[in-house]
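Quick note on numbering: our numbering labels position 42 of the sequence shown as 46, and the sequence is numbered without any gaps.
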Amino acid sequence: MHIDAKPIDLKLTVPFRISRNVQYTSPNAIVQINYEEFTGLGEAAPDGYYGESLETMLACVSMFAGNLGDDPFAIEDILNRLDEIIGLNPSAKAAVDMALYDIVGKMLNVPLYKLLGLNAANTARTSFTIGIDTPENMAKKAVLAHDYPILKVKVGTKHDLDNLKAIREVSSATIRVDANTAWTPKEAIKMINALAPYNIEFVEQPVFAHDLDGLRLIRENVPVPIIADESCVTVDDIPRVAGCVDGINIKLMKCGGVRHALKMIHTARAHNLQVMIGCMIESSLAITAAAHLTPLVDYADLDGHLLIDNDPYTGVTVEKGKLILPDGPGLGVKPR
Ligand code: MG
């Protein structure tokens, strides 16, 4: 099998601000694997928070070339081999994983969800994310997002309560909040109890990733479920976070792709955890790959492609928040 990668700069429609940074573009890469007459596509959204950059991701693809073998069905062996070549680097591995599932689906002429034995009617509804801004602007964005019945509101500022009040005044959507590690446990307990009357479905990652005791303390002192995102990167984290949170947010770019996400979903269930699938800023390519897994999860936050101006692909569509999977073979993604 032959592998190639090309960078693509995804441009955000509006600057995307979370508690720790602001993003104007996302330097992603498209990976293409060729096998006989079949082409598999994958995407990487390398994230500095998880130790990757576009450069490290492209360097990984160069290292992977020549190590893929010549059987795209041997996904388990191939991805184990890549883990032996280099640890971590999950977005580079996710792109390879996606491209392999795409090829296999195309060779068998079935969409990925069918390959996995899943029912496309059972996809989740995705939230639409409102980045941090002034209360007025966040309310305006909530009005513009009226087609989405679930909003994910980024928090972690001095004026979170004002932001939530402003959004609640103009929207009756289900609201989830995501603090992206912004609070101390004490602040989180105070803030979540203050936000709870605004009808919050759950709170994502209130504190620092490694503060599992903090997560447990918060969970015991607030009336809203707590979901781990930054605290739960791979399957190894699940036994550690179980008992500290109500659920986990799985991302292909954190864990290394579809194969690893499946392991995480089933491991989380064995630990009585709720499961969410989220994303980075990604095109319809990677978002569609993740969407194929949503019949297995409780919550989806797959809106990365809705936040960019120059999506080069079509794939999953969204109707009133419901993810509608494409029926083409493999990922079912096509150039726009
Ligand atoms: Mg999050």
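Ideal placement from N, C-alpha and C gives every residue a C-beta, glycine not left out. Since the structure is predicted, the reported quantities are computational estimates derived from the model, not experimental observations.
Query                                                                                                                                                    : Result
Taking the alpha-carbon positions, what's the Phe-132 to Asp-307 distance?                                                                               : 6 Å
What span of residues does the beta strand (DSSP E) with Ala-232 cover, start to end?                                                                    : 230-232
Between the alpha carbons of Gly-325 and Ala-304, how many angstroms are there, rounded?                                                                 : 10 Å
Taking Cβ to Cβ, would you say Ser-95 is nearer than 8 Å to Ala-63?                                                                                      : no
Which residues are close to ligand 1, meaning CB closer than 5 Å to any heavy atom, in chain order?                                                      : Asp-182, Glu-208, Asp-233
Are there 16 or more other CB atoms within 10 angstroms of the CB of Asp-217, so buried, or fewer, so exposed?                                           : exposed
Comparing C-alpha positions only, which one of Glu-56, Asn-113, Leu-83 sits nearest to Met-102?                                                          : Leu-83
Is Gly-73 helix, strand or coil when you go by DSSP?                                                                                                     : coil
According to DSSP, what are the bridge partners of Gly-3?                                                                                                : Shown here, the chain extends from 5 to 340; a query on residue 3 therefore has no answer.
Among residues of its own chain, excluding the 5 on either side of Ser-235, which ones have a beta-carbon nearer than 6 Å to its beta-carbon?            : Ala-213, Val-245
Comparing C-alpha positions only, which one of Ala-265, Leu-266, Ile-285, Val-237 sits nearest to Arg-55?                                                : For the record, residue 55 in the displayed sequence is Gly; it is not Arg. Comparing Cα-Cα distances from Gly-55 to each of Ala-265, Leu-266, Ile-285, Val-237, the minimum goes to Val-237.
For Ala-246, does the three-state DSSP call read helix, strand or coil?                                                                                  : strand
Given a cut-off of 8 Å on the beta-carbon distance, is the pair Ile-22 and Leu-72 in contact?                                                            : no
Three-state secondary structure (DSSP) at Val-260?                                                                                                       : The residue asked about is misnamed: residue 260 is Gly in this sequence, not Val. Gly-260: coil per DSSP, three-state reduction.
Counting Cβ pairs, one atom from each stretch, are 3 or more of them under 8 Å apart for the stretch 250-257 and the stretch 272-280?                    : yes
According to the Cβ coordinates, are Thr-178 and Ile-196 closer than 8 Å?                                                                                : no
Quick check on the DSSP output: what are the complete beta strand (DSSP E) runs of length 3 or more inside the stretch 98-166, in order along the chain? : 132-134, 154-158
Can you tell me whether DSSP reads Gly-308 as helix, strand or coil?                                                                                     : helix
Less than 8 Å between the C-beta atoms of Pro-333 and Val-100, yes or no?                                                                                : no
Under a three-way DSSP split, which group does Ser-288 fall into?                                                                                        : helix
Would you tell me roughly how many angstroms separate the C-alpha atoms of Met-61 and Ser-30, rounded to the nearest one?                                : 13 Å
Whole angstroms are fine: how far does the CA of Ala-170 sit from the CA of Met-268?                                                                     : 36 Å
Please report the distance separating the alpha-carbon of Leu-122 from that of Pro-299.                                                                  : 6 Å
Classify His-296 as helix, strand or coil using the three-state DSSP reduction.                                                                          : coil
Glu-224: buried (16+ other C-beta within 10 angstroms of its C-beta) or exposed?                                                                         : exposed
So the candidates are Leu-221, Cys-248, Leu-168, Val-226; which of them puts its Cα closest to the Cα of Ala-232?                                        : Cys-248
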